[in-house]
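Structure first, commentary second.
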Amino acid sequence: MTDFINNVLIPGAAGGATAGLFALAFVVMYRTTGVLNFAHGQLVMLMPLGVLVVSDLWGLPVVLGLVVAVLVLAAVVLMEERVAIRPFVQSGHAMPWILSTLGFSVVLAELMAIPYRAQPVRFPWGISAKAHDLGGIQVSWAEIAIVVAFILLVAALTIFDRRTTTGLRLRAVAQDKDGAAAIGISPGAASRLSALIAGGIAAITGLLIVSTQLVSPELGLTFLFNGFVAAAVGGLDSLHGVIAGGFIVGIVGQTAATYMGGNYVQIAMFSVLLVVYLTRPHGLFGRASVRAV
Amino acid sequence: MSAALVVENLGVRYGGVTALRDVSLSVDEGQILTVLGANGAGKTSMLRGISGLVSSTGTVTHHGRTLGRLDAAARARAGLGHVLEGRHVFPDLTVRENLHLGSLLSPKPAEGVERALALLPELEEMAGRKAGRLSGGQQQMLAIARAISGSPSVLLLDEPTNGLAPMLVQRTIDVIGAIQELGVAVLLVEQRVEVAQALGSEVLVLQRGEVVGTAHGTDDDLEDRIHTAYLA
Amino acid sequence: MSGMPGLAQRMNRGLHDASERVAATPFGRPVVHAPLVFGLLLVAYAVQGPGSFATYTILTILIYGIAVLGLNIPAGFGGALSLGQGASFAVGAYTVGALTVDNGWPFWATLPVAALVGLVFGLVLGAPAGRLGEIGLALISLGAVLITLDLIVALDGITGGVTGLSPIGLITGFGAEPTYSLWLLPVLVTASALVAYLLHYAVRVSLIGRSAMATRDEPIGATALGISGYRSKVVTFTLGSGFGAYAGGLFAYMAQYISPDAFTAHLSILLLAMVILGGAGSIYGPLLGAVILVLLPQALAAYAHVNTIIYGATLMAVVLLRPSGLISRTAAPVRDRLRASADDPSGAEEREKPEPAAAAERIRNAGPDAGLQVRGISRSFGGLKALDSVSLGVRPGEVLALIGPNGSGKTTVINVVTGLYPAEEGRIVLDSEDITRLKARRITELGVARTFQTPKTFPGLSVAEHLFLAKRLQPPGQVVGEDLDPWVRRLLKLGGIDPDDPRMMARETGQLGHGQLRFLEIAMAIRHSPRLLLLDEPAAGLSQIEMQGLEQVTRELADLGIAVIVVEHHLDLVTRLADRVVVLELGKVLWEGRPDELMDAEAVRVAYLGGAG
Chain A
1 MTDFINNVLI
11 PGAAGGATAG
21 LFALAFVVMY
31 RTTGVLNFAH
41 GQLVMLMPLG
51 VLVVSDLWGL
61 PVVLGLVVAV
71 LVLAAVVLME
81 ERVAIRPFVQ
91 SGHAMPWILS
101 TLGFSVVLAE
111 LMAIPYRAQP
121 VRFPWGISAK
131 AHDLGGIQVS
141 WAEIAIVVAF
151 ILLVAALTIF
161 DRRTTTGLRL
171 RAVAQDKDGA
181 AAIGISPGAA
191 SRLSALIAGG
201 IAAITGLLIV
211 STQLVSPELG
221 LTFLFNGFVA
231 AAVGGLDSLH
241 GVIAGGFIVG
251 IVGQTAATYM
261 GGNYVQIAMF
271 SVLLVVYLTR
281 PHGLFGRASV
291 RAV
Chain B
1 MSAALVVENL
11 GVRYGGVTAL
21 RDVSLSVDEG
31 QILTVLGANG
41 AGKTSMLRGI
51 SGLVSSTGTV
61 THHGRTLGRL
71 DAAARARAGL
81 GHVLEGRHVF
91 PDLTVRENLH
101 LGSLLSPKPA
111 EGVERALALL
121 PELEEMAGRK
131 AGRLSGGQQQ
141 MLAIARAISG
151 SPSVLLLDEP
161 TNGLAPMLVQ
171 RTIDVIGAIQ
181 ELGVAVLLVE
191 QRVEVAQALG
201 SEVLVLQRGE
211 VVGTAHGTDD
221 DLEDRIHTAY
231 LA
Chain C
1 MSGMPGLAQR
11 MNRGLHDASE
21 RVAATPFGRP
31 VVHAPLVFGL
41 LLVAYAVQGP
51 GSFATYTILT
61 ILIYGIAVLG
71 LNIPAGFGGA
81 LSLGQGASFA
91 VGAYTVGALT
101 VDNGWPFWAT
111 LPVAALVGLV
121 FGLVLGAPAG
131 RLGEIGLALI
141 SLGAVLITLD
151 LIVALDGITG
161 GVTGLSPIGL
171 ITGFGAEPTY
181 SLWLLPVLVT
191 ASALVAYLLH
201 YAVRVSLIGR
211 SAMATRDEPI
221 GATALGISGY
231 RSKVVTFTLG
241 SGFGAYAGGL
251 FAYMAQYISP
261 DAFTAHLSIL
271 LLAMVILGGA
281 GSIYGPLLGA
291 VILVLLPQAL
301 AAYAHVNTII
311 YGATLMAVVL
321 LRPSGLISRT
331 AAPVRDRLRA
341 SADDPSGAEE
351 REKPEPAAAA
361 ERIRNAGPDA
371 GLQVRGISRS
381 FGGLKALDSV
391 SLGVRPGEVL
401 ALIGPNGSGK
411 TTVINVVTGL
421 YPAEEGRIVL
431 DSEDITRLKA
441 RRITELGVAR
451 TFQTPKTFPG
461 LSVAEHLFLA
471 KRLQPPGQVV
481 GEDLDPWVRR
491 LLKLGGIDPD
501 DPRMMARETG
511 QLGHGQLRFL
521 EIAMAIRHSP
531 RLLLLDEPAA
541 GLSQIEMQGL
551 EQVTRELADL
561 GIAVIVVEHH
571 LDLVTRLADR
581 VVVLELGKVL
591 WEGRPDELMD
601 AEAVRVAYLG
611 GAG
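For the record, the sequence lines run as chains A, B and C.
Its first residue numbered 1, the first sequence is counted upward by one per residue in full-length UniProt numbering.
Its first residue numbered 1, the second sequence is counted upward by one per residue in full-length UniProt numbering.
Its first residue numbered 1, the third sequence is counted upward by one per residue in full-length UniProt numbering.
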């Protein structure tokens with residue numbers, strides 16, 4: 001049992017929180033714009049990379065690094081929203097925005113490769129990933145932090161979504177773009193705000209995952225894909241669905257890794273995605289709108 | 001009495017198709033102007049052009065201010081309410097939430113909601129229901145109430161009686177009359193002649209994207225004249 | 001939408017016209033230009049030397065080109081966006097690699113096996129993925145790339161794992177040593193590319209290819225013709241994967257060494273970028289995309305970062321400024337002739353009249369259950385009852401007009417009868433056969449044709465292709481026993497489409513006006529040779545003359561024994577054309593009777609001018 005907890009449950013929860021954080025950003029963006037951001041992996045890495053450049057390369061205080069990185073990230077997010085997302089908001093076709101966000105990710109990754117000549121770098125200020133023994137159970141602060149941060153973020157965004165006027169406005173745009181515009185809610189502004197929220201999630205995700213990941217401009221498509229799977233499992237339009245989606249992805253993936261080997265993780269993910277699509281195309285918590293055709 | 005809405009030479013094109021050509025009209029505060037026309041006459045395009053949901057040529061002036069390149073949301077914030085064809089209520093939000101969102105355009109949102117509910121008290125009892133679960137008629141009433149809760153000075157109404165049972169048609173007519181009483185300039189687009197008659201409003205007849213005649217809702221021969229226009 | 005609409009639009013227009021002109025010349029035919037162009041390549045190898053860098057570059061373009069042509073089949077023709085062509089490429093490369101390195105098979109055995117494995121791979125992936133929407137398909141195909149890479153590493157006994165496989169030499173016979181000829185690879189690749197190009201074209205002009213295009217452009221319109229969108233997707237996906245795997249096999253021979261690094265998701269994205277940049281769905285556009293995206297990085301090789309940034313920016317620029325790609329023309333030629341009449345090809349069809357005696361006889365002899373019987377159907381959407389126990393019927397030879405105000409349920413009747421959405425209550429019977437629960441496609445196959453309020457034609461297909469599809473997808477056995485082509489021609493002419501003008505017939509319908517599309521759609525419905533014809537507001541927006549022509553043709557078609565339901569707002573047209581009128585309001589039948597009683601009927605006044613007064 002302890003073995004199962006140590007080998008599957010704890011790393012699975014941490015991995016699930018990572019996938020869930022990606023999924024959360026996708027869902028936030030997708031609901032208002034109908035776009036899945038393929039450049040999200042770069043946005044996640046931008047934050048730790050920015051801190052490294054300012055505080056490691058230039059030797060300035062880490063706090064300053066954090067501030068600069070946040071500003072750069074916000075600027076990049078707004079730029080991406082303007083050129084690669086806004087033109088395709090709720091257009092009904094996926095091809096254009098898949099290519100535009102992929103194109104943006106290629107450009108961004110290349111620019112991000114410049115400071116360290118594309119070499120992966122260790123992030124020295126991350127939360128410790130050293131395992132502590134709690135009565136036989138091995139757990140690190142990094143694992144606890146990412147799981148807690150994930151759950152708190154989902155809770156905060158759900159409250160924002162349900163309880164604030166701005167959240168209500170975003171939901172209105174998600175449900176009816178023209179209806180929203182007719183009562184003064186600008187779909188463009190909603191798209192910009194969603195992008196900034198997703199960017200904020202990326203910043204937090206970035207600072208958390210560098211405990212176990214090296215900082216590099218290419219995070220790898222597997223992170224993106226696992227995030228997509230988590231979002232699809234929970235439902236692309238469901239905020240709280242990402243909790244279930246994230247942890248299902250994490251536990252299934254870790255189970256496959258532990259009992260079959262690392263090369264079977266993606267196969268397990270792929271199977272999860274396929275099963276969900278064929279049995280519940282809108283995900284566990286997502287739904288087709290109740291509006292008539 | 002100043003004109004609340006003045007439209008000059010409005011034109012709307014979709015790709016190569018001209019949906020609306022050179023339409024000019026003007027609506028005063030507290031006045032109703034009804035535009036009658038058959039399917040495909042360009043009525044909806046006209047309203048969408050005025051409210052900025054589609055791009056158009058010509059000028060739209062609201063209380064003396066040219067709206068120019070403002071987008072739909074900005075025009076709504078300027079006081080141009082638009083009840084869209086097909087209602088466009090937010091289906092997964094409750095009636096209350098729909099009204100609340102609409103009222104945010106009002107300088108005093110709470111009063112906006114109050115005004116809307118005073119106009120359509122029947123919505124009160126369904127305040128907690130999801131808009132998507134309402135019947136077509138109820139959704140229509142909600143769409144009107146949502147627009148009114150934002151205290152617009154001009155209201156564009158796109159076929160509000162479409163698909164409604166006769167009783168609800170009468171109710172809608174009464175509501176439009178009451179909106180007029182509030183001093184709102186109403187530009188109503190309709191297929192049913194009787195609505196214009198009941199409201200006794202000024203009438204423009206739209207055909208193939210152009211204004212082909214004017215009339216008044218109290219004209220005795222209105223029905224025949226419109227009938228001829230529909231059959232042409 | 002874009003920053004500089006004027007310039008971009010002019011450029012787009014010009015490019016489209018140019019591709020239309022090229023297509024009209026003899027050189028526009030693949031059997032003419034393909035051997036010519038590929039033949040010239042052989043000359044180029046001879047001049048530059050078969051082992052030269054120039055030759056290597058051309059071979060790289062050709063190998064990517066084959067994979068890209070393959071990807072164009074699902075992504076371009078079928079509209080099934082795939083981020084997974086690199087997976088097929090890898091599967092093919094490893095099939096060749098393993099068969100060569102481990103088993104010493106010759107190339108003429110390994111390459112066909114690679115293609116076959118690719119086909120199976122595509123089928124296995126496409127069968128579930130074909131049910132998904134665009135996003136689902138994109139994610140599943142992306143997943144396929146990731147798991148293919150993992151499997152390659154996991155199955156290291158066959159694939160060599162992370163170390164890879166080498167040397168992959170071109171073996172010419174079982175048990176033979178790899179050839180040292182510098183010429184075999186260039187000739188093999190070039191010949192393969194030629195065959196792939198022609199095969200890709202053959203797929204495009206096959207019924208499958210055209211059907212896939214129709215589904216891509218307008219899925220509902222395609223269903224109305226009886227096309228299965230799912231089957232198109234699976235077939236195109238499978239074929240595309242076969243091309244990809246074959247190309248991967250050639251790549252293995254060219255590289256002589258393969259490892260997982262060569263087949264990351266970036267390869268799949270690159271291949272998709274080539275298709276989109278060149279022009280998804282066009283016949284030679286994707287090859288152009290391959291040329292550009294192979295040469296561009298080479299030209300910029302000296303500027304490391306600039307190179308990649310330009311590639312990324314190109315992806316964004318294409319979808320922003322020219323989403324249809326450089327070559328936007330997607331229509332393909334078709335051999336099909338619209339007969340003027342059975343024995344008179346001279347265009348004298350205007351005088352052609354139906355055989356009144358034979359047709360009248362048929363109509364008279366029709367049984368009591370002949371035609372369409374709709375009994376008490378209901379259908380609601382959300383809270384709205386769109387149809388409330390509607391009953392109506394139409395017999396062969398009869399024109400039934402369905403009128404009523406907006407939202408009264410007229411179109412819903414047509415949608416339910418054609419199976420677009422099922423009735424919740426009631427029964428629909430066509431010529432004694434219960435069709436209530438049948439799928440839309442099955443109903444079409446029984447000889448039911450329809451038009452839509454807004455014509456659902458296929459913007460990327462030519463006029464001629466539309467008519468060809470309608471003909472090829474005709475239900476078995478001509479229902480009214482008459483060649484309807486003369487009427488098809490008359491409808492086209494009424495719409496201002498000259499059926500004898502090849503340039504007009506080759507034009508993509510995305511370039512046509514609304515009135516032309518309306519007549520084309522009706523002409524397609526007729527060419528489908530229906531027993532039941534449903535016209536949804538056919539006269540909306542037509543001129544007086546067009547309307548009269550439409551009226552006359554519709555009457556004649558009914559006289560041939562077709563049962564016609566027409567939803568219409570023009571009451572004068574209804575009065576002249578219809579044998580019977582049904583007035584709907586709020587989803588209920590309000591009145592039914594003869595058109596000459598229509599004007600006096602209180603019901604019509606009520607329905608049209610409002611009920612409360």
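Note that the Cβ used here is the ideal one computed from N, Cα and C, for glycine as well.
Since we're looking at a predicted model, the values are computed, not measured.
With a threshold of 8 Å on Cβ separation, who are the neighbours of residue 614 (chain C) within its own chain once the five nearest residues in sequence on each side are excluded? What the structure shows of chain C is the stretch from 1 to 613, and residue 614 (chain C) is not part of that stretch, so it cannot be assessed.
Rounded separation between Gln138 (chain B) and Ala19 (chain B) - CA only: 30 Å
State the Cα-Cα distance for the pair Ser2 (chain B) and Ser26 (chain B), rounded to the nearest angstrom. 10 Å
Look at the Cβ atom of Asp572 (chain C), then the Cβ atom of Val399 (chain C), and state whether they are nearer than 8 Å. no
Could you tell me which chain B residues have their CB closer than 9 Å to the CB of Ala172 (chain A), listed as they occur along the chain? Phe90, Leu93, Glu97, Asn98 and Leu101
Check whether the Cβ of Gly283 (chain A) lies closer than 8 Å to any Cβ atom in chain B. no
Are the CB atoms of Leu277 (chain C) and Thr314 (chain C) within a distance shorter than 8 Å? It is a contact, given that the beta carbons lie within the stated cut-off.
Classify Thr412 (chain C) as helix, strand or coil using the three-state DSSP reduction. helix
Pull up the distance between the alpha-carbon of Leu47 (chain B) and that of Leu142 (chain B), whole angstroms please. Looking at the two C-alpha atoms, the distance is approximately 19 Å.
Any idea what DSSP makes of Thr18 (chain B), helix, strand or coil? strand
Measuring only between beta-carbons, confirm whether Ser106 (chain B) sits less than 8 Å from chain A. By the rule that beta-carbons nearer than 8 Å mark a contact, Ser106 (chain B) does not touch chain A.
So, Val53 (chain A) versus Leu219 (chain A), is the Cβ gap smaller than 8 Å? No, the pair does not count as a contact, with Cβ atoms beyond the cut-off.
Any non-hydrogen atom of the ligand HEM closer than 7 Å to Arg65 (chain B) Cβ: The model on display carries no ligand, and the ligand HEM is accordingly not part of it.
From the beta carbon of Gly92 (chain C), is the nearest beta carbon of chain B less than 8 Å away? no
Any C-beta of chain C under 8 Å from that of Ile248 (chain A): no
Pick out whichever of C:Leu295, C:Pro323, C:Ile140 and C:Asp498 has its Cα sitting closest to the Cα of Ile267 (chain A). C:Ile140
Assuming Gly460 (chain C) contacts Thr575 (chain C) (C-beta within less than 8 Å), just tell me the rounded distance between them. Gly460 (chain C) to Thr575 (chain C), Cβ: 40 Å. No contact.
Using a cut-off of 8 Å between C-beta atoms, extract the partners of Gly150 (chain B) located in chain A. Ile183 and Gly184
Quick one: using the 10 Å Cβ neighbour count with 16 as the cut-off for buried, is Met1 (chain C) buried or exposed? Confidence in Met1 (chain C) is poor, its pLDDT being 37 and thus under 50, which makes the residue's placement unreliable; the coordinate value appears in the next sentence. Met1 (chain C) comes out exposed.
Gly234 (chain A) vs Gly241 (chain A) beta-carbon contact at 8 Å: yes
Straight-line CA distance for Tyr30 (chain A) to Gly42 (chain B)? 34 Å
Ser389 (chain C) and Gly376 (chain C) look like a contact to me (Cβ under 8 Å); what is the Cβ gap, rounded to whole Å? 5 Å
Flag Phe223 (chain A) as yes if its beta-carbon sits less than 8 Å from any beta-carbon of chain C, otherwise no. no
Entirely enclosed beta strand (DSSP E) segments - the segment 154–227 of chain B, minimum 3 residues: 154–158, 185–190, 202–207 and 210–216
In the DSSP output, which residue or residues are listed as bridge partners for Leu25 (chain B)? B:Val7
Could you name the residues that DSSP lists as bridge partners for Phe150 (chain A)? As DSSP reads the structure, Phe150 (chain A) sits in no beta bridge.
Check Pro178 (chain C) in the structure and name its three-state DSSP category. strand
For Thr110 (chain C), which three-state DSSP category applies? helix
Would you report the Cα separation of Gly371 (chain C) and His570 (chain C), rounded to the nearest angstrom? 25 Å
Does any C-beta atom of chain A lie closer than 8 Å to the C-beta of Ala232 (chain B)? Any reading at Ala232 (chain B) is ruled out, since the residue's pLDDT is 43, under 50, leaving its predicted position unreliable.
Is the Cβ of Gly286 (chain A) closer than 8 Å to any Cβ of chain B? no
Would you mind working out which of C:Ala317, C:Ala24 and C:Leu188 sits nearest Thr55 (chain C), comparing C-alpha positions? C:Leu188
With Asp133 (chain A) as the anchor, note down where its alpha helix (DSSP H) starts and where it stops. First-last for Asp133 (chain A): Ala131 to Leu134, but that is the beta strand (DSSP E), not the alpha helix (DSSP H).
Between which two residues does the alpha helix (DSSP H) containing Thr215 (chain C) stretch? Leu207 to Asp217
Contact list for Asp161 (chain A) against chain B, beta-carbon separation under 9 Å: Think of a sphere of 9 Å around the beta carbon of Asp161 (chain A): no beta carbon from chain B falls inside it, the nearest being about 11 Å out.
Spatial neighbours of Ala23 (chain C) in its chain, beta-carbon cut-off 8 Å, leaving aside the 5 residues before and after: Only Arg329, Ala331, Pro333 and Ala506 meet the Cβ criterion.
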